[in-house]
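Student: Attaching a single structure in structure tokens format; questions to follow.
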Amino acid sequence: MLIDQIYQALIDCANSKEDLKLERKFFFMLDEAGNLPPILNLDNKVTISRSRNVFFQLVLQDYNQLKKYNTSTNHNVDSIIRSNLQFTYFLNSIDEKTLSDLSNSLGKKEVIKKSTSKSSSTSTNGGSSSESESVEEKPLMSVAEIKAKNKEYAIIQKIGFLPMIVKTKLAYKYFSNDNYVFECDETENTVNESWNYQDLPDVELPVRNPIKNYDQLNDSSRAKKAREESLNKELNDKKVQKKLILEMQNARGSIKELSEYKDKISEWPKLALAWQKILSFQQKYKNKLSSELVNDFTKSINICLDQMNDIKTAGAKT
């Protein structure tokens, strides 16, 4: 199910592109693919995925492991899957059918067969010999030859190219890592002395440095607490900013009303100056607001509103 979901997401992404393919190649490297549960519509996937820059690499013990994809209505699903896998990297197998299929796929070679026959006679000039040659075909590598192949050699096949056999070195042999491999001479390991925990790499036994690890644990806890505090501060800052923005939106309406009486309001210049400071602050700090500036601005608005109300009241009395 996981592979199917990933595949569908990749196809959806490819369909969004103009050329209907991913910008980068994606490989499903399925080690022990034969032991995985059947992948839904694997034959269709390997047939069309290559044009979308999606590739499947199946690691099998033998070809029989693909037969689980055959159905009661289609007995050739395994053959369809194999025919769409254009690159074969063969290490070893003990399955006769797999070895036979590989031998046949490698093709045949012509060899010259010589035969000699002799006859003898008791007479002085008796006896004769004859020799003949004939051209015969034989497998490039027979099943027995493939089975007896040195494990360091790999047979590589790719559609459009002649097969080849190369001597390879497995990754674990040249990517050695002392932190993960502990070598022990079993002939000398009589009482498990060589497996003393003090001789093992530090990475294998973190308990060797308990104080250091405890400090690391505390550092990790402090870092986690710092991240939480930073997140809480960020959330609080956002709440404050949201509140200030609402106050500013309400203030705009008040400024518009006050502007009609600006010639009569003595505190109008202070209000205009406070408004200019807020605009400058927002421009400098990417639309953020200072609570101190907003408070000063709010005080100026309230003073001007009081003066405006006094002006309106005086006008009403006259």
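Quick note on numbering: our numbering labels position 20 of the sequence shown as 24, and the sequence is numbered without any gaps.
Glycine included, C-beta positions come from ideal geometry on N, C-alpha and C.
1. Does the ligand FMN have a heavy atom nearer than 7 Å to the CB of A37?
2. With a threshold of 16 other CB atoms inside 10 Å of the CB of V58, please say whether the residue is buried or exposed.
3. With H, G and I counted as helix, E and B as strand and the rest as coil, what does DSSP make of P143?
4. With DSSP as the reference, please indicate the residues paired to S123 in a beta bridge.
5. Can Y11 and P42 be called in contact, C-beta distance under 8 Å?
6. Is it buried or exposed, S53, if we count other Cβ atoms within 10 angstroms and call 16 or more buried?
7. Keeping to the same chain, check which residues put their C-beta closer than 7 Å to that of K268; ignore five residues upstream and five downstream.
8. If contacts are defined as beta-carbon pairs under 8 Å, then S121 and S138 qualify, I think. What distance do you get, rounded to the angstrom?
9. Between the C-alpha atoms of Q65 and V81, what's the straight-line distance to the nearest angstrom?
10. Taking the alpha-carbon of E271 as reference, which of Q245, K303, R28 and F165 has the nearest alpha-carbon?
11. So, L248 versus S284, is the Cβ gap smaller than 8 Å?
12. Where does L364 sit, in a helix, a strand or coil, going by DSSP?
13. What residue does the alpha helix (DSSP H) around Y93 start on, and which one ends it?
14. Between which two residues does the alpha helix (DSSP H) harbouring Q65 extend?
15. Answer yes or no: do L95 and P143 have a C-beta to C-beta separation smaller than 8 Å?
16. Give me the residue from T75, K288 and Y93 with the minimum Cα distance to E156.
17. By a C-beta neighbour count over all protein chains shown, 10 Å radius and 16 as the cutoff for buried, is K237 buried or exposed?
18. Could you check if F31 is buried or exposed, using at least 16 other CB atoms within 10 Å of its CB as the buried criterion?
19. Can you tell me whether D206 is helix, strand or coil according to DSSP?
20. Would you say K118 and E140 are within 8 Å of each other, going by their C-beta atoms?
21. Quick one: grab the DSSP three-state call for I307.
22. First and last residue of the beta strand (DSSP E) that includes L34?
23. Answer yes or no: do S263 and L309 have a C-beta to C-beta separation smaller than 8 Å?
24. Once DSSP output is grouped into helix, strand and coil, what is the label at E271?
25. With distances taken between CB atoms, is the gap from S89 to I150 smaller than 8 Å?
26. Just the C-alpha distance for M33 and L103, rounded to the nearest angstrom, thanks.
Tutor: Let me spell this out:
1. This structure does not include the ligand FMN; it has no bound ligands of any sort.
2. buried
3. strand
4. S132
5. no
6. buried
7. I315
8. So it is not a contact: roughly 13 Å between Cβ atoms.
9. 18 Å
10. K303
11. no
12. Outside the modelled stretch of the chain, which goes from 5 to 322, sits residue 364, for which no answer is possible.
13. No alpha helix (DSSP H) holds Y93; the beta strand (DSSP E) holding it covers F91 to F94.
14. Unbroken run through Q65: none, as it is neither H nor E.
15. no
16. Y93
17. exposed
18. exposed
19. Bear in mind that the predicted position of D206 carries a pLDDT of just 46, short of 50, making it unreliable; the figure below should be weighed with that in mind. Looking at D206 - three-state DSSP - the assignment turns out to be helix.
20. no
21. helix
22. F30 to L34
23. no
24. coil
25. First, the residue type needs correcting, since residue 89 is Leu and not Ser in the sequence shown. Cβ distance not < 8 Å, so L89 and I150 don't count as in contact.
26. 23 Å
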